[in-house]
Structure formats: structure tokens, C-alpha cells
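> These protein sequence lines map, in sequence, to chains C and Z. Position 411, counted from 1, in the first sequence is what this note's numbering calls 411; the numbers after and before it change by one each time, with no gaps. Position 244, counted from 1, in the second sequence is what this note's numbering calls 244; the numbers after and before it change by one each time, with no gaps. Dropping a structure here in C-alpha cells format, bear with me for questions.
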Amino acid sequence: MSFPWAKHYQPTSEFGKYMDSRLPLPRFIYGALGAGYPTPKNLNYFYNFGVLAGVALVIQIITGVVLGMHYAANTGIAFDSVEHIMRDVNSGWMIRYMHAVGASFFFAVVYVHIFRGLYYGSYKPPREVLWLLGLVIFLLMMATAFMGYVLVWGQMSFWGATVITNLFSAVPIVGEAIHTWLLGGFAPDNATLNRFFSLHYLLPFIIFGVIILHVWALHIPGSNNPTGVDVKGPQDTVPFHPYYTAKDFFGLGVYLTLFSVFVFFLPNALGEVDNYVPANPLSTPTHIVPEWYLLPFYAILKAFTTDFLLVKAKLWGVIAMLAAIVLLFFLPWLDTSPVRSNRYRPLNRIFFWIFVADCLVLGYCGGQLAVEPWVRIGQLAAAYYFAHFLIIIPLIARFEKTLPLPNSISESVLAKYGKPPASGSAGTLGGTAPQPAE
Amino acid sequence: MIRLGALGVGLLFVITLLWGVIQPREAVAPDPVKALHKHPQEIEWTTNGVFGKFDRKQMQRGFQVYKEICSACHSIHRVAFRDLAALGFSAPEIKAIAAGYDIATIDDKTGEPTTRKGLPADKFPLIYPNEIAARAAQNGALPPDLSLITKAREDGPNYVHSLITGYADAPANWKVPDGLYYNPYFRSLNVAMPPPLAADDQITYVDGTKATKDQMARDVATFLTWTAEPKLEARKETGVAAIAFLLILTALGYLSYRKVWADVKRKPAAV
């Protein structure tokens, strides 16, 4: 699609020609994921995670549709129907564990995918819309996962739903009304469970639609790459098929192996034991926590403990948690550095890794009870989260002295294999580990 | 403009959070429960590990412990009698076990509630018709259904074993309320369940195994591991096969990846 040297689809069979002039679907696939998509030839394994995320979604949809055939969205029997799947449905235990573990793996993959985008500057022009669409997918995923967790109707389902929907009541004046409207009542109940099931079934298909837009937006400028340098010519790219289909197949094998380790040997390791206790509105668990992938945001929510500037602590928390996600939409305009890849951004790279550590600390604090020292550590980590995006990144972009960029992708690849570069002063740059400037 | 706005918003959040950080904290007394609470003892279960399996004999003994002791208070109502085939019981044995239970039904002539003998397809009946009845009979406490207990508690099988063998005298500085029992493995240390395993040889095992307290606890914990995860063996067997298959597939995938890329990755000197 994007580059003039992209190969063009040539139907070989009579049927292929017939279809091509009526519904050119094979041509479309050829251009999107086949030999017709020229891809930078220096992509590393972190670039496998986009395809893996797509596969993870497909696994969720397939297993989810089957679960939906046996599940009953009624508070009286929802939990029993899940146990029925685990005990009586043929291979039901496998389908359900794949779905539950699959949600965790989907998030893990998407987090790697997002951090890869952050490291190599994939959100920068001309890929801003691609980034924004990715964030929309991420938001939809969080909503879907949250509602899916509620469907089990265990203790953590019920109390998680109670805590999260209660957040809306922090909104001044209309909060209570919104809360009741969302739940279809004053507390999570049958109306809530039914609408969550309906939406949980709907949203993955919307995610699928946004993924199509995401991939479309990817194909206009083409994939970014670890150098962050634009593709200059045919020598910089290889056709997606067979080069990246082969690499993605290998990556998929590794992914599915790891996935199987969890599905078959650690199926409950990522879940909460309390969710094997049926929901009981009269008994509050001592410690209500969301699934691990939402913990960093939960930590930000909990970090606001004091009323400040006439705003209640709870409302601060809700605003901040929303802001923590919304600010990501502004990132392409906050980071104005013309250099994409952190390979050539020595200062930004340090803060990138601090940010990674910060997210892990937030995640850990999110899973702790509200006791010291975790409250204070969580507050500091939350403060860093906002400072990172809203203060540090814009400042670095302004003052950082970046390293010289390689002239092209192929030159950086050649440098990696030890041959002196054909031209250019920046040829001493390594392809993998950036050398210190001068 | 965006960056100025961001700076403002960023400072606002940071200052609010730092304001929270410098607030003095109320001194909290160290939690006495935390100091006395014990982690369950680690046990080598036959179900542990990649090739873990149930020991049929042990599960039958565990079922006997459940039936003769625990079932006075606890149901396992997610388990059907026919499921007991997994323990190695024959069809007539299961029929006999089921027939030992009364199942609520409706008289097909009068429509009045009545009971009939259990059938293999029935589930183990509830002990109490509802929570209120259970609490009324148990001094206000609720004996949970045990079907899922080993998955509903952290470190399930170890926990069940330690809980029912771990009753002890309360330390001097710990006051146990009336009607409760001191147990360092229970989350609040005061458990409403009377020690279910009072002494060795409390029951006589059909298979002649000596029924020490520890043995009974291990057996019933194994049985409850099965009630919570009846498909455990199938899961592990499938897992071994799936992973073996995937490893080979992945290795082949790696080789073809290397082959496809050979011309691109070849060292430039060799070109």
C-alpha cells in the first residue's frame, strides 16, 4: 500500500482473476499481511507483539462464544453455571481456563506492545492516529475485562463491581444518578449482570473493528522500526510475507507454549481465590483488588487520601485515574523531540526505564492493603507517573541532545554486521546497543 | 499551548499527591493477629507437579473421613454421586452410596414436598436448607460448602490440612471468645469450627490404614482437592501433550524462520 516498490497481487488461477474483479479480498489480504506489505527489515522480537495481540483477541472471542453457550447471566445461577462448565461440559474446564488466562495474557501482550511503542517513538508523526486508535482498543479492553470478571459472580466479581461502579458516585451532583443508571439499581444485581453480559459479548467485536482501523492506520506510513528512521528505499524493507509471517509464526509458538504452561499447570495463579466463593452482598472480603493488569490504575485511584483545594479525596482519585489514561492520548504532542527511537535519546531512555519501574511499583502498591509504607510509596509513584508524561517528557524533548541517527535502516543493519558503512558520518553507530555520543 | 496546559495539570496532580505524602499518619498498633498467624505447612501431595495424579485409595479414605466426620456440618453440593466413579468406586457401590441420602422431591400423586432415595445423577444434598438454618444450628457460624474450598483459600490443600490439625492452646496474651477455638492457621485465629479431628483412630479405615490425625487430614484434603478440581488429571495430561506438541512446532517454526531470513541476515562480507 505504502511504498512504490510494494509488490502487487497477481491472481494466478482463473478463480482468482474472477474474484479479483468482483471482490478483491485476496488482494486486500496480500497488501495487508502478505508479500504486498514492505516492512522494515530490522524489526526485533518486540515487534511480534502486535500480531500476538490479534491472536489473543481471537482466542478470547472463540473461547468466549463457547462459554456463552453454557453460561447463564442470572445472579441466582451464574456462579453455578460456571461450575457446570468446569465440571460437566466436555473440555469446559479447558475453554474456561483458556478464557481466564487468555485475558491476562492479552493484557501482558498489549502492555509489551505499548511499551515498545513508547520506547521506539511509534506514537510520533506520522503515526499519531495509529497510537490513538491503539489507546481506544486499550480502553475497550479494560472495560471488557472488568465486565467479564463480574460475570463469574464470585465474591471478587461482586465487590469489584461495587467498588468500581461506586467511583461514579464521586461525581458531584449527578454522580448518584449516573451510578444508579449504570447499575440498573442501587447495587450490582441481576440488571447489572445482564447488561454486563450483553456488553461483554459486544465489545470484543467493536475491538475487532478498531483493530482493523489500527492496522489500516499502520499501513499508511508503514511500520516504525528500532532505529526510528524512516524507510528510504527498497533496500530497507522486506516483504511481510514470508519474512515476518515466518518470524511471527515462531513468536506465536513461543507465546502458545507459555500460554499452555499457565492454562494447564497454573490456571488460577493469576486469579483471586475469593472468586471461588459465590457472591454474597452481606459479607465484604477483607481485601478487594482488581485483576493484576488494572492494579497500576487502581494504585493511582487509591493514592489520593486527602481532600485538597475543596475537592474530595475520592473525586481526586477518580479524576486522576481517568487522567492517567487520557493523558496518553496527548503524548504525540507532549513529546516534541524529532528523534523517535530511544536508541538515540540517551536522557529520555533513562526516564523510560524509570517509568517502567514506576509502573511496576504502582502495580505492587495497587495490590496492597492501605497501610504504610505502601500508601506513601504509592503516592510518590503516582506523582512520578504524572510528572513523567506531563512535565519531564515535554522538557526533555526540548533540551535533550540526541545522538546522531544512522542515514538509513540498511546502513544501521550493515553496521550491526560489522561492515564499514558506505557513507555518512554517523556510521559508527551500533545497530543494537547505542554507543555514547562522541 | 498543549505543553503549558500539561505542565499545569501535571503540577496540580503532583502537588496534590505530595500534599498527601506529607500528611501525618495515625500511629497504628501492630496487628496482634499478624504476629500469631501461621502459614500452612507445605506438603508433598501426589497431585503436585507436572505429572501429578490422584491416589485413588487415598481419595476413597478421604471420602470416608468426609462422610463420617465433616459431613455432619459441611455439604459438597457441587459434586454428584456419579462423579465418585473417579475415586474408583464401581457403579453398584455408587448406587448404594447415593441411596444412603434423602433427596427432596415432589410426590408425583399429591404434589406435596417429600423425599426419595438418592440416585447416582443427584448431587450431594445440602446439610442445611439455607444460611439462616445453618447459622442457627452452628452457634451463629456458617460451615461453608466444601466443594470448592481448596480453590477458595490461598494454598488450599495445605491450608485444609493445617487448619484441621492445627488447633492449639491460645497464648497467654490472646483471649478466645466463648464458643470459638484458637487456631493459628485461621485468618482471625478464632474459628467457630470445633476441632473435627479429636484423636487418632477416630474412624476405622476400610482399607486398614492407620487413621492418625495427620493421615485423616491428608486424606480429606486430597479428597477436597478432587472435589474442587475434578478434571485435574485430564488437565495435566492434556498440558503435557499440548506443550510437547508446541515445543516441536516452535522449533520447526524457528528453523523455517532462520531459513527464510538467511539471505537477509547473511553477513555482508559474504555477499
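The C-beta atom is built at its ideal place from N, Cα and C for all residues, glycine as well. Model, not experiment: these values are computed from the prediction.
(1) If contact is defined by three or more beta carbon pairs under 8 Å, each pair taking one atom from either stretch, is the stretch 301–319 of chain C in contact with the stretch 11–27 of chain Z?
(2) Could you round the C-beta distance between Z/T180 and C/G253 to whole angstroms and report it? I think they count as a contact, below 8 Å.
(3) Taking only beta-carbon atoms, is C/A320 less than 8 Å away from chain Z?
(4) Taking the beta carbon of Z/T110 as the centre, do at least 16 other beta carbons fall within 10 Å, making it buried, or is it exposed?
(5) How about C/M98 and C/G92: do their beta carbons lie closer than 8 Å?
(6) Can you list, in chain order, the residues of its chain whose CB lies under 7 Å from that of C/L133, leaving out five sequence neighbours each side?
(7) Rounded to a whole number of angstroms, what is the C-alpha to C-alpha distance between Z/R218 and Z/T225?
(8) Which first and last residues belong to the beta strand (DSSP E) in which C/R439 is found?
(9) Return no unless some Cβ of chain C is closer than 8 Å to the Cβ of Z/Y185.
(10) Is it the case that the Cβ atoms of C/P404 and C/T237 are separated by a distance below 8 Å?
(11) What are the boundary residues of the beta strand (DSSP E) that includes C/P239?
(12) When burial is assigned at 16 or more other CB atoms within 10 Å of the CB, is Z/M1 buried or exposed?
(13) Can you give the beta carbon distance from C/L440 to C/G367, rounded, assuming they're within the 8 Å contact cut?
(14) Near C/V110, which residues of its chain fall below 6 Å by C-beta distance, leaving aside the five closest residues on each side in sequence?
(15) Show which residues of chain C have a CB atom less than 9 Å away from the CB atom of Z/P230.
(16) Compare the beta carbon distance of Z/G10 and C/A387 with 8 Å and say whether it is the shorter of the two.
(17) Quick one: list the residues of chain Z neighbouring C/W159, beta-carbon separation under 9 Å, in chain order.
(18) Would C/W292 and C/G363 qualify as a contact pair, given that the criterion is a beta-carbon distance under 8 Å?
(19) Do you know offhand how far C/P332's Cα is from Z/I43's?
(20) Can you name, in chain order, every residue of its own chain whose Cβ lies under 7 Å from the Cβ of Z/L119, other than the five neighbours on each side?
(21) Taking only runs that begin and end inside the stretch 75–150 of chain Z, name each unbroken alpha helix (DSSP H) of 4 or more residues, in chain order.
(22) Quick one: what does DSSP say Z/T46 is sitting in, helix, strand or coil?
(23) Which residues bound the alpha helix (DSSP H) around C/P40?
(24) Taking Cβ positions, are Z/R78 and C/E83 nearer each other than 8 Å?
(25) Hey, would you say C/L203 sits closer than 8 Å to C/T144, going by beta carbons?
(26) For C/N268, which residues in chain Z fall below 7 Å Cβ to Cβ?
(27) Using the Cβ count rule (16 or more neighbours within 10 Å means buried), how would you classify C/S21?
(28) Just mark C/F399 as buried or exposed, buried being the case when its beta carbon has 16 or more other beta carbons within 10 Å.
(29) So, for Z/Q58: in the same chain, excluding its five sequence neighbours on each side, which residues have a beta-carbon less than 6 Å away from its beta-carbon?
(30) Within the 8 Å Cβ cut-off, does Z/V21 reach chain C?
(31) Is the CB of C/T257 under 8 Å away from at least one CB in chain Z?
(32) Can you grab the Cα-Cα spacing for the pair C/G427 / C/I409, in whole Å?
(33) When you check each C-beta in the stretch 232–250 of chain Z against every C-beta of chain C, which residues fall closer than 7 Å?
(34) For Z/R3, which option in C/V413, C/V65 and C/L395 has the closest C-alpha, if you only look at C-alpha atoms?
(35) Please classify C/E411: is it buried, with 16 or more other beta-carbons within 10 angstroms of its beta-carbon, or exposed?
(36) Confirm, please, whether the CB-CB distance from Z/T114 to Z/K103 is below 8 Å.
In terms of the structure at hand:
(1) Under the three-pair Cβ rule at 8 Å, the stretch 11–27 of chain Z counts as touching the stretch 301–319 of chain C.
(2) Here residue 180 of chain Z turns out to be Leu, not Thr, going by the sequence shown. Contact flag wrong, Cβ pair sits at about 55 Å.
(3) Output row for C/A320: interface = yes.
(4) Z/T110 is classed as exposed because its beta carbon has fewer than 16 other beta carbons within 10 Å across all chains shown.
(5) Judged by their CB atoms, C/M98 and C/G92 are not nearer to each other than the 8 Å cut-off.
(6) Within the same chain, and ignoring the five residues on either side of C/L133 in sequence, the residues whose Cβ sits closer than 7 Å to its Cβ are V210, L213, H214 and A217.
(7) Cα to Cα, Z/R218 sits roughly 10 Å from Z/T225.
(8) Because chain C here runs from 1 to 438, residue 439 of chain C falls outside it and cannot be looked at.
(9) Chain C, which has no Cβ nearer than 8 Å to the Cβ of Z/Y185, makes this no.
(10) It is not a contact, given that the beta carbons lie outside the stated cut-off.
(11) C/P239 -> beta strand (DSSP E) spans T237 to P239.
(12) Z/M1 should be labelled exposed.
(13) Residue 440 of chain C is absent from the structure shown; chain C starts at 1 and stops at 438.
(14) The answer, listed in chain order, is A53.
(15) Ordered by position in chain C, the residues that pass the 9 Å Cβ test against Z/P230 are M86, R87 and W93.
(16) Yes, they are a contact pair.
(17) Residues of chain Z passing the Cβ test: none, with the nearest at roughly 15 Å.
(18) The answer is yes: Cβ separation under 8 Å.
(19) Here the alpha carbons of Z/I43 and C/P332 stand approximately 54 Å from one another.
(20) Same-chain partners within the cutoff: A98.
(21) Runs of the alpha helix (DSSP H) inside the stretch 75–150 of chain Z: 91–99 and 131–137.
(22) It is coil, neither helix nor strand.
(23) Counting along the chain, C/P40 falls outside any alpha helix (DSSP H), though it belongs to the beta strand (DSSP E) covering P38 to P40.
(24) With contacts defined by Cβ atoms closer than 8 Å, Z/R78 and C/E83 form a contacting pair.
(25) Yes; because the gap between Cβ atoms is below 8 Å, this pair is in contact.
(26) Correct list: K151.
(27) So C/S21 counts as exposed.
(28) An exposed status is given to C/F399, since fewer than 16 other beta-carbon atoms sit within 10 Å of its beta-carbon.
(29) Within its own chain, the residues whose Cβ lies closer than 6 Å to the Cβ of Z/Q58, once the five positions on either side in sequence are excluded, are D219 and T222, listed in chain order.
(30) Yes, its Cβ sits closer than 8 Å to a Cβ of chain C.
(31) It does: the Cβ of C/T257 has a partner Cβ on chain Z nearer than 8 Å.
(32) Below a pLDDT of 50, predicted positions are generally treated as unreliable, and C/G427, at 37, falls in that range; no measurement from the model is reported.
(33) Identification of residues in the stretch 232–250 of chain Z having a C-beta nearer than 7 Å to some C-beta of chain C yields R235, K236, T238, G239, A242, I243, L246, L247, L249 and T250, given in sequence order.
(34) Nearest option by C-alpha distance: C/L395.
(35) Buried, since its Cβ has 16 or more Cβ neighbours within 10 Å.
(36) One detail in the question is off: residue 103 of chain Z reads as Ile in this sequence, not Lys. In terms of Cβ geometry, Z/I103 and Z/T114 do not form a close pair [threshold 8 Å].
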